[in-house]
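Some notes on the structure that comes next.
Residue numbers (my numbering): 36 to 242.
Pasting the structure below:
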């Protein structure tokens, strides 16, 4: 039993943990006193013993802990740094019977680690502009005309634009509206009114 006691003491006194990777997720910018979710992703196993402050919150931020991995914060305008610092030790009791029929329980070491990470973000005041939005790609209504007599002479890439279902599906997936693909000669010399603006737009361009 003395050897077992020494083993446990060595494990607990050596609980300094190896530094592990953790990621804090928080919006880069928010508005004053608007609740902000802050999460952290770790690999701490269930049942591990924890030691340390956990979340490290600046004094002028309000924080509400929903779970060990999720907090809600809000506060006045400014730049902030939220930290997450914790050590964990995973041990489980194991009971067995020795040769004399006596039950002996020891603490089985399963692992340990340490997390020390932080994330920065801003809270904007009422007179600060919202962060710029990324540009939005324009969408188009597309009408294609081609000269049937020249179809075989077109490069393979141009023919695929006229005939490929995959290309049409890509255009639709990107928000474009492909109206029709028309052989110009099939119009019979007169352009139906619904095609007239489109046909006029390509006059003078080679089919």
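The beta carbon of each residue, even a glycine, is placed where N, CA and C say it ideally should be.
For clarity, every value in this text was computed on a predicted model and none was experimentally measured.
- Does the beta-carbon of residue 160 have 16 or more other beta-carbons within 10 angstroms, so that it is buried, or is it exposed? exposed
Exercise. Terminal residues of the continuous alpha helix (DSSP H) containing residue 192?
Worked result: 191-198
Practice problem: Answer with buried or exposed for residue 147, where buried requires no fewer than 16 other C-beta atoms within 10 angstroms of its C-beta. | Solution: buried
For residue 208 and residue 162, the rounded distance between their alpha carbons
38 Å
Practice task
Determine the DSSP secondary structure at residue 66, reduced to helix, strand or coil.
Solution key: In the displayed model, residue 66 falls within a strand according to three-state DSSP.
By a C-beta neighbour count over all protein chains shown, 10 Å radius and 16 as the cutoff for buried, is residue 36 buried or exposed? Here the model assigns residue 36 a pLDDT of 41, short of 50, so the residue's position is not dependable, and the following value carries that caveat. Per the 10 Å Cβ criterion, exposed.
Could you check the C-alpha separation between residue 191 and residue 199 for me, to the nearest Å? Cα to Cα, the separation comes out at about 11 Å.
Could you tell me how far apart the beta carbons of residue 109 and residue 95 are, in whole angstroms, since I believe they sit closer than 8 Å? Contact doesn't hold; Cβ gap of about 11 Å is too wide.
Apart from the five residues on each side of it in sequence, which residues of its chain come closer than 6 Å, Cβ to Cβ, to residue 60?
-> 74
*asked:* Buried or exposed, going by whether 16 or more other CB atoms sit within 10 Å of the CB of residue 168?
replied: exposed
Q. Hey, out of 101, 102, 214, whose CA is closest to residue 175's CA?
A. It is 214.
Tell me, please, which residues DSSP counts as bridged to residue 139.
131
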